[in-house]
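In the working numbering, each residue's number is its place in the sequence shown (first place is 1) plus 1446. C-beta: ideal position from N, C-alpha, C; glycine also. Some notes on the structure that comes next.
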Amino acid sequence: MTSILTSPVSQLCKLSRNQNIRSQGFGLSYLKALQHRTLSCFALKQRSILNHTHNHTEGSTGVTAQKALSNRRCLLGSSGARGLFGRGGGNAQQQLTLEDIARGIRERDYQRIVVMAGAGISTPSGIPDFRSPGSGLYDNLQQYNLPYAEAIFEINYFHHNPKPFFALAKELYPGNYQPNAAHYFIRLLQDKGQLLRMYTQNIDGLERIAGVPPSKLVEAHGTFTTAACTVCRTEYPGEALRADIMASTVPKCPTCKGVIKPNIVFFGEELPSNFFLYLTDFPMADLLIVMGTSLEVEPFASLASAVRGSASRLLINRDLVGPFSWGSPRHNDVAELGDVVRGIRKLTDALGWKQELDALMAGNSEKVQAPVERTNEE
Ligand SMILES: [Zn+2]
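Structure, rendered in structure tokens:
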């Protein structure tokens, strides 16, 4: 898989942007500074910057590995909460475990849960990684001679040649894939009245299909459910484009003949206005669940550090990422590493919600046989 970190897109980052990150760190002040910025630096080399920061504060990358290992031990080992992260701190608080988080959800100690999710929750649904050679979608895109994979989300390239994007749109258009346990778990949090908001980087719409109401969703990188003419800005429902997209025809505006673009956020475009709900959501959150994301794409990535110190944070992911992997982990940080769906299932079992989740999936899986598309009816 081509790493987004090594793609030529990273060279498009403005130097000033990187300097801002170095000097201001990843806190809320940085996020506020970003409010009116765009995704133009989508693929910045955040990991190397993070490593730089980490080396500066810890002196050795070996410490990260050590902490990752102790984190794993903590999760895989006995229920004894020994405050593994608190070594060296005399007044260390008890290290939370997955069971503690589950108990907090079940007993409604957590009432305002914010979820952040990335591609890792959609790959179990079969959403292809268009950057992976050998995947049908990647091979399909090669015929368009994209200069590099991420060019598909660059607005200048889109104006030059929209066909590769619409080939991707045809693949990802709502209806081709079905949500999995991760999406339905979020729906369950909503049904229980404990979901404050879900922030997703995914553009596959699987959260909506799982029944997460649009008012509870921030689709940070946009959605196919709405679209707009790139010339006269007339807005269209996503459904109006379906026939053209399925026929591999570039949809054109009936009024001005301009190309109609689904409201997917391209590099250099504004984030959706509801993204800025984070300004109130994150300080209010009492539990943050981060799942299936590498936390490499800004400004989404910085959000994980925007919750209060008293808020618990649960990472369900293949690897330790973002604030879970650098600096000093909090006593109320919990990482469940490995397969994301397996992690969700483990949490669901600990909650005693297995039957409810299975029933939800069984009930809804019939409904989504036919393409389900929700518009912003709320
Ligand atoms: Zn138009």
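Quiz item: Who are LEU1783's beta bridge partners in DSSP?
Solution: Sequence index remark: in the sequence shown, residue 1783 carries index 337 (1-based). Paired residue(s): ASN1763.
Quiz prompt | Shell residues, 6 Å Cβ cut-off relative to heavy atoms of ligand 1 | solution = Those residues placing their Cβ nearer than 6 Å to any heavy atom of ligand 1 are, following chain order, CYS1675, VAL1677, CYS1678, THR1680, CYS1699, THR1701, CYS1702 and GLY1704.
Quiz prompt | Any 3 or more C-beta pairs closer than 8 Å across the region 1594 to 1603 and the region 1632 to 1647 | solution = Judged by Cβ distances under 8 Å, the region 1594 to 1603 makes no contact with the region 1632 to 1647, as fewer than three pairs qualify.
Quiz prompt | Every unbroken beta strand (DSSP E) within the region 1616 to 1656, with a cutoff of 3 residues, ordered by chain | solution = Within the region 1616 to 1656, the complete beta strand (DSSP E) segments of 3 residues or longer fall at 1641 to 1646, listed in chain order.
Quiz item: Does the Cβ-Cβ distance between LEU1544 and VAL1787 come in under 8 Å?
Solution: In the sequence shown, counting from the first residue as 1, residue 1544 sits at position 98. In the sequence shown, counting from the first residue as 1, residue 1787 sits at position 341. No, the pair does not count as a contact, with Cβ atoms beyond the cut-off.
Exercise. Classify LEU1592 as helix, strand or coil using the three-state DSSP reduction.
Key: Taking the sequence shown and counting its residues from 1, the one referred to as residue 1592 is at position 146. The three-state reading of DSSP puts LEU1592 in coil, since its state is none of H, G, I, E or B.
Quiz item: CA-CA distance, PRO1745 and GLY1564?
Solution: Numbered from 1 along the sequence shown, position 299 holds the residue referred to as residue 1745. Numbered from 1 along the sequence shown, position 118 holds the residue referred to as residue 1564. For the pair PRO1745 and GLY1564, the Cα-to-Cα distance works out to about 13 Å.
Quiz item: Around the Cβ of GLN1541, are there at least 16 other Cβ atoms within 10 angstroms (buried) or fewer (exposed)?
Solution: Numbered from 1 along the sequence shown, position 95 holds the residue referred to as residue 1541. Counting Cβ neighbours within 10 Å, GLN1541 comes out buried, since at least 16 surround it.
Quiz prompt | ALA1689: first and last residue of the uninterrupted alpha helix (DSSP H) it sits in | solution = Counting from 1 along the sequence shown, the entry for residue 1689 is found at position 243. Run containing ALA1689: 1685 to 1692, per the alpha helix (DSSP H) assignment.
Quiz item: Relative to the alpha-carbon of ARG1835, which residue among GLN1636, GLN1539 and ILE1567 has its alpha-carbon at the smallest distance?
Solution: Because the chain is modelled from 1447 through 1824, residue 1835 falls outside the range shown and cannot be assessed.
Quiz prompt | 8 Å Cβ shell around TYR1590 - same chain, five flanking residues per side excluded | solution = Within the sequence shown, residue 1590 is the residue found at index 144, counting from 1. Hits under 8 Å: ASN1607, LYS1609, PRO1610 and ALA1613.
Quiz item: Thinking C-alpha only, which one of LEU1783, SER1774, VAL1560 and HIS1777 is nearest GLY1639?
Solution: Along the sequence shown, read from residue 1 onward, the residue named residue 1639 stands at position 193. Minimum Cα distance to GLY1639 is reached at VAL1560.
Practice problem: Enumerate in chain order the residues of its own chain whose CB-to-CB distance from ALA1548 is below 8 Å, with the five nearest sequence positions on each side excluded. | Solution: The residue labelled residue 1548 in the question sits at position 102 within the sequence shown. Close CB contacts of ALA1548 within its chain, under the 8 Å cut and outside five residues either way in sequence, are with LEU1793, ALA1796 and LEU1797 (chain order).
Quiz prompt | For ALA1841, the first and last residue of its enclosing beta strand (DSSP E) | solution = This structure gives no information on residue 1841, because the portion of the chain shown stretches from 1447 to 1824.
Quiz item: Distance, Cα to Cα, ILE1706 vs PRO1697?
Solution: Taking the sequence shown and counting its residues from 1, one reaches residue 1706 at position 260. Taking the sequence shown and counting its residues from 1, one reaches residue 1697 at position 251. Rounded to the nearest angstrom, the two C-alpha atoms are 6 Å apart.
Exercise. Consult DSSP for LEU1480 and reduce its assignment to one of helix, strand or coil.
Key: In the sequence shown, residue 1480 corresponds to position 34, counting from 1. Residue confidence for LEU1480 is low, a pLDDT of 35 falling below 50, so the modelled location carries little weight; the figure read from the coordinates is stated next. Three-state result, LEU1480: helix.
Self-check item: Nearest candidate by alpha-carbon position, reference LYS1703, set ASN1720, GLY1572, THR1726 and THR1676
Solution: As a working note, residue 1703 is residue 257 in the sequence shown. Residue THR1676 is the option with its Cα nearest to LYS1703.
Quiz prompt | Length-filtered (4 minimum) alpha helix (DSSP H) runs lying within the region 1688 to 1751 | solution = The region 1688 to 1751 contains these whole alpha helix (DSSP H) runs: 1724 to 1730.
Practice problem: Note down, in chain order, each residue of its chain lying with its Cβ closer than 8 Å to the Cβ of GLN1701, except the 5 sequence neighbours on either side. | Solution: Numbered from its first residue, the sequence shown carries residue 1701 at position 255. As written in the sequence, residue 1701 is Thr, which differs from the Gln given in the question. Cβ neighbours of THR1701 beyond the five flanking positions: CYS1675, CYS1678 and THR1680.
Quiz prompt | Beta-carbon gap between LEU1642 and ARG1558 smaller than 8 Å | solution = Position 196 of the sequence shown, counted from the first residue, corresponds to residue 1642. Position 112 of the sequence shown, counted from the first residue, corresponds to residue 1558. Yes, they are a contact pair.
Quiz item: Is LEU1663 helix, strand or coil when you go by DSSP?
Solution: Position 217 of the sequence shown, counted from the first residue, corresponds to residue 1663. For LEU1663, the secondary structure class from DSSP, reduced to helix, strand or coil, is strand.
Quiz item: How big is the Cα-Cα spacing for ALA1479 and ASP1804?
Solution: Numbered from its first residue, the sequence shown carries residue 1479 at position 33. Numbered from its first residue, the sequence shown carries residue 1804 at position 358. Here the model assigns ALA1479 a pLDDT of 34, short of 50, so the residue's position is not dependable, and the following value carries that caveat. Put simply, the backbone Cα of ALA1479 is about 43 Å away from that of ASP1804.
Practice problem: Indicate the three-state DSSP secondary structure (helix, strand or coil) for THR1671 in the structure shown. | Solution: One-based indexing of the sequence shown puts residue 1671 at position 225. Three-state DSSP puts THR1671 in a strand.
Quiz item: How should ARG1754 be labelled, buried or exposed, when 16 other C-beta atoms within 10 angstroms of its C-beta is the threshold for buried?
Solution: To locate residue 1754, count along the sequence shown from 1; it is residue 308. With fewer than 16 other CB atoms across the displayed protein chains lying within 10 angstroms of its CB, ARG1754 is exposed.
Practice problem: May I ask you to report which of helix, strand or coil DSSP gives ALA1527? | Solution: Locating residue 1527 in the sequence shown gives position 81, where the first residue counts as 1. Model confidence at ALA1527 stands at a pLDDT of 29, short of 50, so the residue's coordinates are unreliable and nothing is read from them.
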